[in-house]
Amino acid sequence: MRLLTRYLAKEIYSSVALVFAALIMLFSFMDLIQELGEMGAANYHIGYVLLYVALIIPGHIYELFPLAALIGTIFAIVQMASNSELMVYRSSGVSLKQMIFAVVEIGLPLVVLCFVFGEFIAPPSDRLAQELNLKARDAQMALKEFRSGVWAKDEHSFVNIRNVLPDTSLLNISIYEFDEAYHLRVITSAQRAEYIKGDQWMLEGVLQTRFNAQGSAVNNQARMEWHSTLNPRLLDVLLLLPEKMSSWDLYQYTKHLSDNHQKTARYEIAMWNKLAYPAAVLIMMLLALPFAAHHRREGGVSGKIFIGIVLGLSFHFGGKLFSSLGALNDWQPVLSATAISWMYLSVALLMMWQTERR
């Protein structure tokens, strides 16, 4: 059995690597075509375009892991089946249960690799790509959650941020401070805010209006220190979609929203999806096992790979559909993030049971 596992691992790993190479070249070419259309804006020349495309490759690798694992495993086992190698192994006493354990053992390193890409490589690479894109265009990011910008709750204050620079400096911000009874006490407007450390920001070009029982008082200051629970790590969500953040950053931002009594559904779903997504690699590899029952009259390798592509794409878009529906309907975040995985695991087990009965 150890011999089978080693040989199967060699075939699967080489096939997965081949599929990854083909998919990454395809996606990178499409990204390049898209970015070439934007070239010429400010300093956004061909060097920046190529660097941007290279920086978003880790994100593609992470997203494509289940699909590449499925197609690569199908290709490997169908090739072995067409050469009657799997028939020899089954005839020598290797059971379906042993095959499943072999595939799981082979898939675990891929699961770990997928997790590493999703947590430690893709998020900072995507963030750097966005910062590079903005700097090259001499642009600042206009926040579009509302026409007036993004609003954030900060303890007893509400903060309105109109623009964020790539270094997470803030432009055109307004801070509305309320008392315990939610009566407006102070409005602070600043042209710019730069992060110092901890919970400290430095505001520049400050206009502050204080309200009291006698009326209001206006005060102008060149610089003023501002204490806030907001920090650049939390503001990273303004540069990245939740699906491109690490689970740890999502956890921190979800906690921040929860502490301020704001909706967390979208970020909780993204966090649980991040944690569950690597397991999808194993599910896809198990889904490929029934293709071992390959007969030449049922179609060649290309037909099986086409089916694998359809299954992989349906898994990918089905997961996005469940996540969107969960955020809209306030479903349980864990269920919304893992529903598609449970469905495909059930399909894989059902297909293997039907194959074994033949």
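Just so you know, the sequence shown maps onto residues -4 to 353 in my numbering.
Cβ coordinates follow ideal geometry from the N, Cα and C atoms, glycine included.
If you're wondering where the values come from, they're calculated on a predicted model, not measured in any experiment.
By the 16-neighbour rule on beta-carbons within 10 angstroms, ARG261 is buried. Annotation: the continuous alpha helix (DSSP H) that includes ALA343 extends over 328 to 352. Rounded to whole angstroms, PHE310 and GLU199 show a C-alpha spacing of 49 Å. GLY314 and ALA334 have their C-alpha atoms roughly 8 Å apart. DSSP, reduced to helix, strand and coil, places GLY193 outside both helices and strands of the structure shown, so it counts as coil.
Within the same chain, and ignoring the five residues on either side of THR204 in sequence, the residues whose Cβ sits closer than 6 Å to its Cβ are ILE182, SER211, VAL213. In the three-state reduction of the DSSP assignment, THR204 falls in the strand class, which pools E and B. If you ignore the 5 residues before and after SER169, its C-beta comes within less than 6 Å of the C-beta of ASN155, SER184, all in its own chain and listed in chain order. LEU123 and LEU282 have their alpha carbons spaced roughly 36 Å apart. DSSP assignment within the segment 86 to 171 yields the following whole alpha helix (DSSP H) runs of 4 residues or more, N-terminal first: 91 to 111, 117 to 131.
Minimum Cα-Cα distance from GLY54 among the listed residues CYS109, GLY193, ALA265 corresponds to CYS109.
For a cut-off of 8 Å, the C-beta gap from ALA97 to LEU(-1) is around 6 Å, short enough to register as a contact. Within the DSSP secondary-structure output, GLY210 pairs in a beta bridge with ASN207. Annotation for ASP26: the continuous alpha helix (DSSP H) segment containing it runs -3 to 31. For the set ALA37, GLU58, LEU27, LEU59, the Cα lying nearest the Cα of VAL44 is the one of LEU27. Taking VAL329 as reference, the option from SER253, PRO273, ILE304, ALA265 with the minimal CA-CA separation is ALA265. By the Cβ rule, the segment 299 to 307 counts as touching the segment 60 to 78, because three or more pairs are nearer than 8 Å. Following the DSSP letters along the chain, one finds LYS250 inside the alpha helix (DSSP H) bounded by residues 242 to 254.
With fewer than three CB-CB distances shorter than 8 Å, the segment 67 to 76 does not count as touching the segment 18 to 26. Judged by their CB atoms, GLU172 and SER152 are nearer to each other than the 7 Å cut-off. Between ALA275 and SER336 the beta-carbon gap is near 5 Å, inside 8 Å, which marks them as a contact.
For PHE60, the closest C-alpha among the options VAL106, ARG85, TYR39, ALA36 is that of VAL106.
The beta carbons of LYS239 and ASP121 sit closer together than 7 Å. The C-beta separation of ALA332 from ILE278 comes to about 14 Å, leaving the pair out of contact by the 8 Å criterion.
The DSSP-derived three-state label of HIS222 is strand. In the structure shown, LEU308 adopts helical secondary structure according to DSSP, grouped into three states. With 16 or more other CB atoms across the displayed protein chains lying within 10 angstroms of its CB, LEU81 is buried. Using a 10 angstroms sphere on the CB of TRP348, the tally of other CB atoms stays under 16, which defines it as exposed. Here GLU220 really is in contact with GLN195; their C-beta atoms are around 6 Å apart, less than 8 Å. Rounded to the nearest whole angstrom, the CA to CA distance from MET25 to ILE95 is 36 Å. In the three-state DSSP reduction, GLN74 falls in the helix class (H, G or I). Listed in chain order, the non-local C-beta contacts of GLU33 below 7 Å within the same chain comprise TYR39, local neighbours out to five positions each way being set aside. If you draw a straight line from the Cα of LEU179 to the Cα of ALA208, it is about 12 Å long. ALA322 is the residue among SER79, ALA322, PRO285 whose C-alpha sits nearest the C-alpha of ASN268. Residue environment: ASP325 is assigned as exposed (fewer than 16 neighbouring CB atoms within 10 Å of its CB, all protein chains considered).
Its Cα nearest to that of LEU230, the residue LYS148 stands out among VAL296, LYS148, VAL99, LEU103.
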